[in-house]
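63 is the number that UniProt numbering gives to position 63 of the sequence shown; each next residue is one higher, with no gaps.
Here a beta-carbon is modelled for each residue, glycine too, at the ideal position from N, C-alpha and C.
Just so it is clear, the structure is predicted and the values come from calculations on it, not from any experiment.
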Amino acid sequence: MIQLDAKGWFVAAVPTVGVLALQGDVREHRRVLESCGAATAVVRRPEELERVQALVIPGGESTTMWRLARTFDLLEPLRKRVEQGMPAYGSCAGMIMLADRIVDGAAGQETIGGIDMLVRRNAFGRQVDSFESDVEMGGLDRPFHAVFIRAPWVESIGEGAEALGRAATGDSAGRIVAVRQGHLLATSFHPELTGDPRIHAYFLEMVKEAS
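Okay, here's the thing in structure tokens:
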């Protein structure tokens, strides 16, 4: 999208960020992204994926996302775009989808992959075990108050991945809950539910760096 300022000069293009709309909290992510200045679009089919410059994979149920991605012939196009360098951010179930390896997945469960990490599905417990906690995040000026809902955690990361945030309280203290690898970002928690746009703004800076 080409924009002109008041004097008719060209200004930087507004990135169009797709939100994978197979299942999960799509509307909440779109609202935060748009508040940060991005244009958004829903992505359910390969032709919709081709129209976006970046992608957010929302929280929800990773096994449902995987099966629906197969049904809509979207899994291989997603893998291809990620391999080609499309910036992508996954929250909660989206973290699982971006992981190269998972623990406690459903039989035959597949991912998009791209981040060299091993993720444990539902590591923080069931829905009734949901909680909130501050997370020290690399790249942010102050702790992020995070919402964890049936959240995964990262068991381990490879040399190419960077642990951006770790759990700070309880038996899970020290567990990795935010990871970046190049153009890919993933968090165990749901920043779209907090009213704090800094994670999405951080991702949009990644999108600009990649453009």
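Asked                                                                                            : Found
Which residues DSSP lists as bridging residue 136, in chain order                                : 166
Cα-Cα separation between residue 127 and residue 121, rounded to whole angstroms                 : Confidence at residue 127 is low in this model, with a pLDDT of 49, below 50, so the placement of that residue is unreliable and no value is reported for it.
Within 7 Å, strictly: CB atoms of residue 146 and residue 133                                    : yes
Beta-carbon spacing of residue 119, residue 96 below 7 Å                                         : yes
Beta-carbon spacing of residue 184, residue 88 below 7 Å                                         : yes
For residue 25, the nearest candidate out of 201, 76, 191, 155 (CA to CA)                        : 191
Rounded C-alpha distance that separates residue 40 from residue 175                              : 32 Å
Opening and closing residue of the alpha helix (DSSP H) in which residue 189 lies                : Premise fails: residue 189 is in no alpha helix (DSSP H) and is neither H nor E.
DSSP beta-bridge partners of residue 120                                                         : 103, 153
Segment contact flag, the region 106-119 with the region 152-165, C-beta cutoff 8 Å, min 3 pairs : yes
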